[in-house]
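Worksheet: the structure to be examined is printed underneath.
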Amino acid sequence: MTVLPYLVAVWVLCWGLYGIVTSRHLFHLVLSLGVAQAATYVLLIGVGYKAGAAAPIYADVPSATPVVDPVVQALALVDVVVEATVAALLLALALQTQKRFGTVDPDELHALKG
Amino acid sequence: MSIAPLAVAVPLLVAAALAATDFARRRWLTDTLAIATTTAVTVLCAVLIGRAQHGPVVYWLGGWEPEHGVALGISLSADTLGAGMATLVGVLTTATLVFSARYFEAVSNLFHALMLVFLAAMVGFCLSGDLFNMLVFFELMSVAAYALAAYKIEERGPLQGAINFAVSNSVGAIAIFIGIALLYGRVGALNLAQIGVALSHHPPDALVAVSFALIVLGFLVKAAAFPVHFWLADAHAVAPTPVCVLFSGVMVELGVYAVARIYFTAFDGALAAQAAALKPILIWTGLVTALVGAAMCLQQRHLKRMLAFSTVSHVGLFLICLGLLEHEGIAALAAYVLAHAFAKAALFMCVGILLHRFTDVDELKLRGCGAADRTLKFVGVLFAACGVGLVGAPMLGVFLGKSLGEGAVSAAGFGWAVPVFIVASGMTAAAVLRAAAVVFAGWGPDEPPQSEQPEEVDEEAETLQPHDRTPLPMLVPTALLTLATLLVSLAPGLDQAIQQAAGRFADSGAYRQAVLAGSGHFPPIEPTSVAPVDYLWAALALLLALAIAGVSLFGDRLGWNPPSSLRTAADRAQHALGALHSGHVGDYIAWMTAAMGALTALVALAIR
Chain G
15 MTVLPYLVAV WVLCWGLYGI VTSRHLFHLV LSLGVAQAAT YVLLIGVGYK AGAAAPIYAD
75 VPSATPVVDP VVQALALVDV VVEATVAALL LALALQTQKR FGTVDPDELH ALKG
Chain Y
598 MSIAPLAVAV PLLVAAALAA TDFARRRWLT DTLAIATTTA VTVLCAVLIG RAQHGPVVYW
658 LGGWEPEHGV ALGISLSADT LGAGMATLVG VLTTATLVFS ARYFEAVSNL FHALMLVFLA
718 AMVGFCLSGD LFNMLVFFEL MSVAAYALAA YKIEERGPLQ GAINFAVSNS VGAIAIFIGI
778 ALLYGRVGAL NLAQIGVALS HHPPDALVAV SFALIVLGFL VKAAAFPVHF WLADAHAVAP
838 TPVCVLFSGV MVELGVYAVA RIYFTAFDGA LAAQAAALKP ILIWTGLVTA LVGAAMCLQQ
898 RHLKRMLAFS TVSHVGLFLI CLGLLEHEGI AALAAYVLAH AFAKAALFMC VGILLHRFTD
958 VDELKLRGCG AADRTLKFVG VLFAACGVGL VGAPMLGVFL GKSLGEGAVS AAGFGWAVPV
1018 FIVASGMTAA AVLRAAAVVF AGWGPDEPPQ SEQPEEVDEE AETLQPHDRT PLPMLVPTAL
1078 LTLATLLVSL APGLDQAIQQ AAGRFADSGA YRQAVLAGSG HFPPIEPTSV APVDYLWAAL
1138 ALLLALAIAG VSLFGDRLGW NPPSSLRTAA DRAQHALGAL HSGHVGDYIA WMTAAMGALT
1198 ALVALAIR
């Protein structure tokens, strides 16, 4: 087992969060959220990885063959679907923000305070 | 036949049917179908409460039952408190749909579809016995909630509020996701009972600490604990008022429920020895949340925002109850959440009635408006009654939950937390009573004080123009929920039933047996009763509420003049606190990142 995928996941997460915090553009912000979410894909695949194992499809390999964990791959798929839904909704809101506020810079949105 | 999956599947199917077909021209048909569905779900969940009296009702999706005590399948494990929470969700959704039938001028069938998806996700979340399925229902509930918060998409406020809400909660979900992935890497299981069995074999290490901290943090974002609560006020201020009923009444509480559920099924075996070190983390978080929420609540003149901060404050008190990590605390939590949900639902509906009549929710602009006719005076009585229920005056409203909570913290050696209950509930109720007096009786200073809060977001599109009367379908659920608020603590047998249910909830060994082996033995617990001193605390909280409300209404006339140094200090504190709630999503995520680091470090130190 190697720690590399875990370090990559932490690195990607930190960049995603940094992007959200410093974002000056809502589209950039939504993509940064996607980057942060990508950390979970790396982590999930890293958790299930097994050196030298085959893909978890038993169609044409003997059933004794070691395979990587299929559960985390299913979790990653769910993760992708969730991220796509949230991103689609947020992008729609960002478009609408451009129409109503005339800007997509979070620093320029002043509808709510205190 | 098991009914648990039906309670989730039926509303999802009806929602799909409503979204796919256009009944828009026959509004009554959409309303009737949606209300019938939510009523059916409520009944199903209530039946589940009855069936779960002797342990959780377990249903394995697709028939993948555990073999040799190892669970590979996905289960719905409905215990009394989970099914009770689901029933509460059903009751509030039904009341909300009845209320909104006449509240909205025009509403598309998609609103009903979203409400049903929201309901299905919350019910599934309550009944789930699988950690990953909890996350999936959490995400489904969140996405439906983002869309509902942004329902008035032509206005500025809802856009910004929904973006803050969605980004904050998505980052919270990422934290939960990472926690689950790490935990799965350790135990190779996702079923809560199975995780509990696997974890209890080894002493906890850094990996368990990090995954526990991240999962708890993610759910605390939904629960709106300080300092990850910022999204809540934004989302509540902008969401349509009927939606706020569900946000404040049940959705936020589900975050607290999730932390309790996961601790008592998966982690308590592994962390039992460290519980003494974990308790102060949750209790102090709750304490700060309760006081910050109460301080912000008193400052608000926007009624929905005021109620939102009141919810933040109460979440703090819930966290203190939860932080005891014992069944006594869970019993207090359950009783408190139940009464609070009725009170908040009724209060938001009263605000909805004001918005429907006057298209405004600004306390000072509405001054005296509520005395216009007899219906509104009646609403004023309901509003004030909910304020009294919210403070937990002796025998009324949240009294049972608050008293059990005060008893439990004293018994657990955290007696210093009792004044927090009194102060936080006194301050939040004072804000409600003050608003009732200003709006419905026209009391208060003649010249409104200069407020630095910006002109509030316009709410016109929610109900297009002012109305001159309030329809009955809006009044009836409000009145019934107010009645429920006042009487819930007096319900015969509720005290005992909740304590026994909490005992079963916290008996993780029996829970694991019941889920994995098919049957578990839940020994009954020794119930406690409300101590006489709690009547004194309740009366004290009520007096505090009346005193604060009185000073803010009549302080000037009575010549109450605090020294200027005190005033400046209070102004500065108020300013600093207000500035934290900047409405800027980047700030919120910065706080959340800091909280993530802090909580992980604290849990790691506690487990070391």
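Residue numbers (the working numbering), protein chains in the order written: chain G, 15 to 128; chain Y, 598 to 1205.
Built from N, CA and C at the ideal position, the CB exists for glycine as well.
Just confirm the distance between the C-beta atoms of residue i and residue j, as a whole number of angstroms; I'd bet it's less than 8 Å.
i: Y/Val-835; j: Y/Ala-746; result: 6 Å
i: Y/Ser-1116; j: Y/Gly-652; result: 7 Å
i: Y/Ala-1026; j: Y/Val-988; result: 3 Å
i: Y/Gly-920; j: Y/Lys-876; result: 5 Å
i: Y/Val-842; j: Y/Phe-945; result: 5 Å
i: Y/Val-638; j: Y/Val-607; result: 7 Å
Suppose the cutoff is 6 Å on Cβ atoms and the five residues either side in sequence are ignored; what does the same chain contact list for residue i look like?
i: Y/Glu-925; result: Ala-1005
i: Y/Gly-965; result: Gly-1039
i: Y/Ala-612; result: Ala-710, Leu-713 and Val-714
i: Y/Gln-871; result: Ala-1203 and Ile-1204
i: Y/Ile-917; result: Ile-880, Gly-883 and Ala-1014
i: Y/Val-1054; result: Low per-residue confidence applies at Y/Val-1054: pLDDT is 47, beneath 50, and the placement is therefore not dependable, though the value from the model is reported in the following sentence. Same-chain partners within the cutoff: Gly-754.
Hey, does residue i have any beta-carbon neighbour from chain G nearer than 9 Å?
i: Y/Phe-823; result: no
i: Y/Ala-617; result: no
i: Y/Ser-1149; result: no
i: Y/Ile-792; result: no
i: Y/Arg-753; result: yes
i: Y/Val-853; result: no
i: Y/Phe-809; result: no
i: Y/Ala-770; result: yes
i: Y/Gly-1187; result: According to the sequence displayed, residue 1187 of chain Y carries Ala and not Gly. Chain G contact via Cβ: present.
i: Y/Gly-721; result: no
i: Y/Glu-1056; result: Only weak support is given to the placement of Y/Glu-1056: the predicted model assigns it a pLDDT of 44, under 50, and the question is left unresolved by the model.
i: Y/Ile-859; result: no
i: Y/Leu-641; result: no
i: Y/Tyr-781; result: yes
i: Y/Ala-778; result: yes
i: Y/Ile-880; result: no
i: Y/Leu-707; result: no
i: Y/Thr-1190; result: yes
Strictly under 9 Å for the Cβ-Cβ distance: is residue i near chain Y by that measure?
i: G/Pro-96; result: It should be pointed out that residue 96 of chain G corresponds to Val in this sequence rather than to Pro. Closer than 9 Å to some Cβ of chain Y, the Cβ of G/Val-96 qualifies, so yes.
i: G/Leu-91; result: no
i: G/Leu-18; result: no
i: G/His-39; result: no
i: G/Thr-79; result: no
i: G/Val-82; result: no
i: G/Ile-34; result: yes
i: G/Ala-67; result: no
i: G/Val-61; result: yes
i: G/Leu-27; result: yes
Could you tell me whether any non-hydrogen atom of the ligand SAH is closer than 8 Å to the CB of residue i?
i: Y/Thr-1075; result: The model on display carries no ligand, and the ligand SAH is accordingly not part of it.
Give every residue of the same chain whose Cβ lies closer than 7 Å to the Cβ of residue i, excluding the five residues on either side of it in the sequence, and list them in chain order.
i: G/Glu-97; result: Gly-48 and Gln-51
i: Y/Val-958; result: His-899, Leu-900, Lys-901, Val-948, Leu-951, Leu-952 and Glu-1056
i: Y/Tyr-860; result: Leu-922
i: Y/Ala-1142; result: Val-988, Gly-1023, Ala-1026, Ala-1027 and Leu-1030
i: Y/Phe-722; result: Met-731, Phe-734, Phe-735, Met-738 and Leu-851
Does any C-beta atom of chain A lie closer than 9 Å to the C-beta of residue i?
i: G/Val-86; result: The structure shown contains no chain A; its protein chains are G and Y.
Might you give, ordered along the chain, the residues of its own chain that have their beta carbon closer than 8 Å to the beta carbon of residue i, omitting 5 neighbours on each side?
i: Y/Ala-616; result: Asn-706, Leu-707 and Ala-710
i: G/Leu-123; result: Thr-111, Phe-115 and Thr-117
Evaluate contact between the stretch 1089-1107 of chain Y and the stretch 976-985 of chain Y, counting only Cβ atoms and requiring at least three cross-stretch pairs below 8 Å.
The answer is no - the stretch 976-985 of chain Y does not touch the stretch 1089-1107 of chain Y, with fewer than three Cβ pairs under 8 Å.
Given 8 Å, three or more beta-carbon pairs between the stretch 621-641 of chain Y and the stretch 656-671 of chain Y
No, they do not touch.
If you measure beta-carbon to beta-carbon, which residues of the stretch 100-122 of chain G are closer than 8 Å to chain Y?
Val-100, Leu-103, Leu-104, Leu-107, Ala-108, Gln-110, Thr-111, Arg-114, Phe-115, Pro-120 and Asp-121
Within 7 Å of chain G by C-beta, residues of the stretch 1168-1183 of chain Y in sequence order:
Gly-1175, His-1178, Ser-1179, Gly-1180, His-1181, Val-1182 and Gly-1183
Anything in the stretch 812-836 of chain Y with a Cβ closer than 7 Å to a Cβ of chain G? List those residues in chain order, please.
Asp-831 and Ala-834
Taking beta-carbon pairs under 8 Å, can you tell me which members of the stretch 755-767 of chain Y lie near chain G?
Leu-756, Gln-757, Gly-758, Ala-759, Ile-760, Asn-761, Ala-763, Val-764 and Ser-767
Answer yes if the stretch 1001-1019 of chain Y comes into contact with the stretch 895-908 of chain Y, meaning at least three C-beta pairs across the two stretches below 8 Å, and no otherwise.
no
Does the count of Cβ pairs from the stretch 682-692 of chain Y and the stretch 799-810 of chain Y closer than 8 Å reach three?
No: fewer than three Cβ pairs fall under 8 Å.
Stretch-stretch touch, CB-based, cutoff 8 Å, three pairs: the stretch 1174-1189 of chain Y with the stretch 19-38 of chain G
yes
Sufficient close CB pairs (3 or more, under 8 Å) joining the stretch 984-998 of chain Y to the stretch 1128-1137 of chain Y:
yes
Name, going along the chain, the residues of the stretch 931-953 of chain Y whose beta-carbon falls closer than 8 Å to a beta-carbon of chain G.
If the cut-off is 8 Å between Cβ atoms, the stretch 931-953 of chain Y has nothing near chain G.
What residues in the stretch 40-56 of chain G have a beta carbon less than 9 Å from any beta carbon of chain Y?
Leu-40, Leu-43, Val-44, Leu-47, Ala-50, Gln-51, Ala-53 and Thr-54
Chain G contacts from the stretch 729-745 of chain Y (Cβ-Cβ distance under 7 Å):
Phe-729, Val-733, Glu-736, Val-740, Tyr-743 and Ala-744
If we count Cβ pairs, one from each stretch, closer than 8 Å, do we get three or more for the stretch 103-123 of chain G versus the stretch 17-31 of chain G?
No, the stretch 103-123 of chain G is not in contact with the stretch 17-31 of chain G.
Using a Cβ cut-off of 7 Å, which residues of the stretch 888-906 of chain Y contact any Cβ in chain G, in chain order?
none
Using 8 Å as the threshold, is the stretch 1092-1109 of chain Y in touch with the stretch 1118-1125 of chain Y, meaning 3 or more CB pairs across them?
yes
Give a yes or no on contact between the stretch 808-816 of chain Y and the stretch 767-781 of chain Y, applying the rule of three or more CB pairs nearer than 8 Å.
yes
With a threshold of 8 Å, are at least 3 pairs of Cβ atoms found where one atom belongs to the stretch 72-82 of chain G and the other to the stretch 15-24 of chain G?
no
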